[in-house]
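For the sequence shown, the residue numbers in mature numbering (1 follows the signal peptide of the UniProt record, and there is no 0) are -16 to -1, 1 to 591.
Just so you know, even glycine gets a beta-carbon here, dropped at the ideal spot from N, CA and C.
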Amino acid sequence: MKPALLNASLLAGSTALTLRPALQSLIRPCIGARFASVRRETSRPSRMVLSDNVHRSPPSANDARRKRHAPGPFGAMNKRVANIDPRRQPRAPASADKRSDATRKHGDDRKALKMHRALASISYGRRTSMKGRMAEYESFSQFDLLPSVQTAIDEELFKGMTDIRPTPVQRLAIPALLGQSATGFTEKTQAKAPTSIAPGKVPSFLLAAETGSGKTLAYLLPAINALKQAEAIDPDIAAYNERFAAEKKRQEELHGKGKPFDEPHPTMARPKVVVLVPTAELCQQVMRVSKSVSHAVKFKTEMLSSDLKPQQIQRNVYSPRGLDVVVATPHLLAAMADSDPNILSRVSHLIIDEADSLFDRSFAPVTMSIVERATPSLKQLICCSATIPRKLNNYLAVNYPDMKRIVTPNLHAIPRRVQLGVIDVSRDPYRNNKDLACAEAIFSIGRESAQHEGPAKDEVDVRRIMVFVNEREKTEELADYLRSKGIDAQALHRDTPEKRHGEILEVFTKADPLRVARPDRQVARGWLSSIKVLVVTDLASRGIDTVAVRHVILYDVPHTTIDFIHRLGRAGRMGRRGRGIVLVGNDDRRDIVADVKKSMFMGQALI
């Protein structure tokens, strides 16, 4: 026995003999631990033998994955049924929405636009789903419209045209507003919208589509259709028509010698359809469309804008013949509602055109006051816009959480038919002179137009160009400079007399071609007669149907992508081609312009 073991045994034996029994129980564990350490040192296993004390993880379900599922290389022989493991089936492909979104998010490197994000995002899956729903309607005859409204479409709105097809926003919005089978947001199995509306639950809609896509007809045709349907079952109007017919017959019997029928119509100063627009120019534009429809459908429509005298407005609103449709600016209509609160007591359809402007800080209080007064009789609230800014998106989500949103696939995307060019003003020969660069761009367009003859010999088409600036003081300054260079230029801004607005815009809103005699070379050097230029601020960037404009020059880089969409949207309207030119100087955000140009090239929506 080794000396260490001998000493330990003697110590244990002597301790057991001399110590008391109470202490033996306390000392025994210490002695046992000491002898255990000695054994551990002396009984080491061989190098080639694993110790039993090695830690092994408990068996788990993952061990089964390591086992071979197939029986082997020859296990499939002499089989009548394929030995396919269901666990090895390929995964189902991800939905188009998630896959497309993930791909675009991974490849979207527009950092400058992301830092200045101003628009609400719309998933590409939702945009794609809208394309399939638009295919359900190929003509206006498929819509559930009255025959008189169909006649107005064929004979008044698109007179002389053969291939008449609704635009994307019209294919989505008109059936939805009519309660027809489902497009946009409804399902095919959904029935027509009920005629009775729960109190406090007014059906609300948001029509969002790109500029120049026909939004005016998209909301106006269903509203007029509902107006005529309600008129057919109105007992007051039916009784009035009977009295009018009886009085007319009596006048014929008396050969016109009796007292004329002067009873006012039940709709006098009580319109059923109200369209709110931010500017007087938009009032005139919507009024023209409504007036053309009224020639076939037979209803009374009037305009309330600052272009009219107070006496004329009073005469139109309180005409004994009645009033059905009103196109007005919010401030003027609110002022009339303050003096006559009942003017909005029978409104069934309230349309807020350019909702992104009418719900901003300057218009929102007045707009909401009109909405509150019209709510008791309201059957539909329709908001319409070419963009959905983040502020508008949040406002509608809070105040109208149940609003149905009808969005076209190309919302927030500048059409590819509009080309964008960039002129670096910091380089020679301009040397940061934007006035010179703008004049040179206009002259290049004029020289191009002079090379193309019109239908008649020695005639050329007049090119109409819009130049956008950020400050209204710059409009007059730039217009004077262009006139000094021989360019026919006019300025339009907030301080321009409102009576001249329509006169100035008339040249740029008429689709009829404008031609002039081909100028001689000597005369052409001093005056550019084949070009008409309008220098404007954002006053003329929203809603105005400038169908005659093919070229837009952005003298100043817009502050947001919203302004980019509206300014470039003045060209290339209703499927026509257009061209935009941006003047970029040292103080401008070149990265934003580069991201916008890339987005237009890729067909992506701005953010």
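* **Candidates LYS418, ARG448, GLU226, LEU191: closest to ILE429 by CA position** => As a working mapping, residue 429 is identified with position 445 in the sequence shown. Among LYS418, ARG448, GLU226, LEU191, the Cα nearest to that of ILE429 belongs to ARG448.
* When we look at the beta-carbon of GLU265 and count the other beta-carbons within 10 Å, is it buried (16 or more) or exposed? -> Within the sequence shown, residue 265 is the residue found at index 281, counting from 1. Buried, by the Cβ-count rule.
* Asked: Hey, would you say THR371 sits closer than 8 angstroms to ILE576, going by beta carbons?
  -> Walking along the sequence shown from the start, residue 371 turns up at place 387. Walking along the sequence shown from the start, residue 576 turns up at place 592. Taking 8 angstroms as the Cβ cut-off, THR371 and ILE576 do not qualify as a contacting pair.
* Asked: Around the Cβ of LYS582, are there at least 16 other Cβ atoms within 10 angstroms (buried) or fewer (exposed)?
  -> Here residue 582 refers to the residue found at position 598 of the sequence shown. Per the 10 Å Cβ criterion, exposed.
* Asked: Taking the alpha helix (DSSP H) that PHE427 falls in, what are its first and last residues?
  -> Locating residue 427 in the sequence shown gives position 443, where the first residue counts as 1. Segment 418 to 434, the alpha helix (DSSP H) holding PHE427.
* Asked: So, helix, strand or coil for GLU286, using DSSP?
  -> One-based indexing of the sequence shown puts residue 286 at position 302. DSSP places GLU286 in strand when its eight states are reduced to three.
* Let me know the secondary structure DSSP gives PHE585 once reduced to three states. => To locate residue 585, count along the sequence shown from 1; it is residue 601. Secondary structure of PHE585 (DSSP, three-state): helix.
* Alpha carbon to alpha carbon, how far is VAL391 from ASP147? -> As a position in the sequence shown, residue 391 is number 407, starting the count at 1. As a position in the sequence shown, residue 147 is number 163, starting the count at 1. When rounded, the distance between both Cα atoms is 25 angstroms.
* Asked: What are the uninterrupted segments assigned as alpha helix (DSSP H) that are 4 or more residues long and contained completely in the region 316 to 399, given in chain order?
  -> Restricted to the region 316 to 399, the alpha helix (DSSP H) segments that are unbroken, complete and at least 4 residues in length are 339 to 342, 348 to 358, 374 to 383, listed in chain order.
* To do: Determine which residues share a DSSP beta bridge with PHE124 and list them.
  => As a first step, residue 124 must be located in the sequence shown, where it is residue number 140. According to DSSP, PHE124 bridges with nothing at all.
* Closer than 7 angstroms: is that where the CB of ASN62 sits relative to any heavy atom of the ligand PLP? -> In terms of ligand content, the structure shown is empty, and the ligand PLP therefore cannot be addressed.
* Asked: Excluding five sequence neighbours on each side, which residues of the same chain lie with their C-beta closer than 6 angstroms to the C-beta of ARG560?
  -> Residue numbering aside, residue 560 sits at position 576 when the sequence shown is read from its first letter. Apart from sequence neighbours up to five positions away, no residue of its chain approaches ARG560 with a beta-carbon distance below 6 angstroms.
* Asked: In the DSSP assignment, what residue or residues form a beta bridge with GLN403?
  -> Here the question's residue 403 lines up with position 419 in the sequence shown. For GLN403, the beta-bridge partners assigned by DSSP are ARG563.
* Quick one: grab the DSSP three-state call for VAL133. => One-based indexing of the sequence shown puts residue 133 at position 149. VAL133 falls in the helix class under three-state DSSP.
* Asked: Is the region 353 to 373 in contact with the region 314 to 334, if contact means three or more CB pairs nearer than 8 angstroms?
  -> The answer is yes - the region 314 to 334 touches the region 353 to 373, with three or more Cβ pairs under 8 angstroms.
* Determine, using beta carbons only, whether LYS256 and LEU211 come nearer to each other than 8 angstroms. => As a working note, residue 256 is residue 272 in the sequence shown. As a working note, residue 211 is residue 227 in the sequence shown. Cβ atoms of LYS256 and LEU211: closer than 8 angstroms.
* How about PHE427 and LEU292: are their beta carbons less than 8 angstroms apart? -> Residue numbering aside, residue 427 sits at position 443 when the sequence shown is read from its first letter. Residue numbering aside, residue 292 sits at position 308 when the sequence shown is read from its first letter. Not a contact, by the Cβ cut-off of 8 angstroms.
* What do you reckon, are the CB atoms on LEU204 and SER276 nearer than 8 angstroms? -> Taking the sequence shown and counting its residues from 1, the one referred to as residue 204 is at position 220. Taking the sequence shown and counting its residues from 1, the one referred to as residue 276 is at position 292. Cβ distance not < 8 angstroms, so LEU204 and SER276 don't count as in contact.
* Asked: By Cβ distance, which residues of its chain are closer than 6 angstroms to ARG83, with the 5 residues on each side in sequence left out?
  -> The residue you call residue 83 lines up with position 99 of the sequence shown. Any answer about ARG83 is weak, because its pLDDT of 49 lies below 50 and its placement is not dependable; what the coordinates show is given next. The beta carbon of ARG83 sits closer than 6 angstroms to no other beta carbon from its chain once the five residues preceding and following it are set aside.
* To do: Quick one: using the 10 Å Cβ neighbour count with 16 as the cut-off for buried, is PRO497 buried or exposed?
  => Translated into positions along the sequence shown, residue 497 becomes position 513. PRO497 counts as exposed, since fewer than 16 other C-beta atoms from the protein chains shown sit within 10 angstroms of its C-beta.
* Please work out which residues of its chain come closer than 7 angstroms, Cβ to Cβ, to ALA532, disregarding the five sequence neighbours upstream and downstream, and give them in chain order. => If you number the sequence shown from 1, residue 532 lands on position 548. So the list reads ARG448, PHE492, THR493, LYS494, ALA495, once near-sequence residues are dropped.
* **Distance between LEU156 and ARG117 (C-alpha atoms, nearest Å)** => Residue mapping note: residue 117 aligns to position 133 of the sequence shown, counting from 1. Residue mapping note: residue 156 aligns to position 172 of the sequence shown, counting from 1. Going by the C-alpha atoms only, they are around 8 angstroms apart.
* Report the rounded CA-to-CA distance for MET352 versus HIS239, giving the unit in angstroms. => Along the sequence shown, read from residue 1 onward, the residue named residue 352 stands at position 368. Along the sequence shown, read from residue 1 onward, the residue named residue 239 stands at position 255. The alpha-carbon atoms of MET352 and HIS239 are separated by roughly 52 angstroms.
* When DSSP labels each residue in this structure, what does ALA86 get in the three-state scheme? -> Looking up residue 86 in the sequence shown gives position 102. Because ALA86 carries a pLDDT of 49, less than 50, the predicted location of this residue cannot be relied on, and no value is offered for it.
* Exposure label - ASN416; buried when at least 16 CB within 10 Å -> What you label residue 416 is simply residue 432 of the sequence shown in a count that begins at 1. ASN416 should be labelled exposed.
* Asked: Under the three-state reduction of DSSP, which class applies to GLU194: helix, strand or coil?
  -> Position 210 of the sequence shown, counted from the first residue, corresponds to residue 194. Secondary structure at GLU194: coil, using DSSP grouped into helix, strand and coil.
* Neighbourhood of GLY527 by C-beta distance below 6 angstroms, restricted to the same chain and skipping five residues each side -> Along the sequence shown, read from residue 1 onward, the residue named residue 527 stands at position 543. Same-chain partners within the cutoff: LEU266, GLU338.
* How many angstroms separate the CA atom of LEU201 from the CA atom of ALA358? -> Walking along the sequence shown from the start, residue 201 turns up at place 217. Walking along the sequence shown from the start, residue 358 turns up at place 374. Spanning the alpha carbons of LEU201 and ALA358 requires a straight line of approximately 22 angstroms.
* Element boundaries [beta strand (DSSP E), containing ILE537] -> As a working note, residue 537 is residue 553 in the sequence shown. Membership of ILE537 in the beta strand (DSSP E) is indicated by the continuous run 533 to 538.
* To do: Report, in whole angstroms, the separation of the C-beta atoms of THR195 and ILE549, which I expect to be a contact under 8 angstroms.
  => In the sequence shown, counting from the first residue as 1, residue 195 sits at position 211. In the sequence shown, counting from the first residue as 1, residue 549 sits at position 565. Rounded, the Cβ-Cβ distance is 7 angstroms, consistent with contact.
* Where GLN506 sits in the DSSP three-state scheme -> Counting from one through the sequence shown, the residue named residue 506 turns up at place 522. Its pLDDT being 48, under 50, GLN506 is placed unreliably in this model, and the coordinates cannot settle the point.
* Asked: Helix, strand or coil: how does DSSP classify ASP408 here?
  -> Here residue 408 corresponds to residue number 424 of the sequence shown, with the count starting at 1. Note: ASP408 maps to strand in three-state DSSP.
* So which of ASP412, GLU455, ARG557, VAL301 has the shortest CA-CA distance to HIS477? -> Walking along the sequence shown from the start, residue 477 turns up at place 493. Ranking the options by Cα distance to HIS477, first place goes to GLU455.
* To do: Could you have a look at ALA473 and say whether DSSP puts it in helix, strand or coil?
  => As a first step, residue 473 is located in the sequence shown; it is residue number 489 there, counting from the start. Strand, per DSSP.
* Do you know offhand how far LYS199's Cα is from GLY556's? -> Counting from one through the sequence shown, the residue named residue 199 turns up at place 215. Counting from one through the sequence shown, the residue named residue 556 turns up at place 572. Approximately 15 angstroms between the Cα atoms of the pair.
* the region 478 to 490 touching the region 409 to 425, judged by at least three CB pairs closer than 8 angstroms -> Here the region 478 to 490 makes no contact with the region 409 to 425; the two share fewer than three CB pairs at distances below 8 angstroms.
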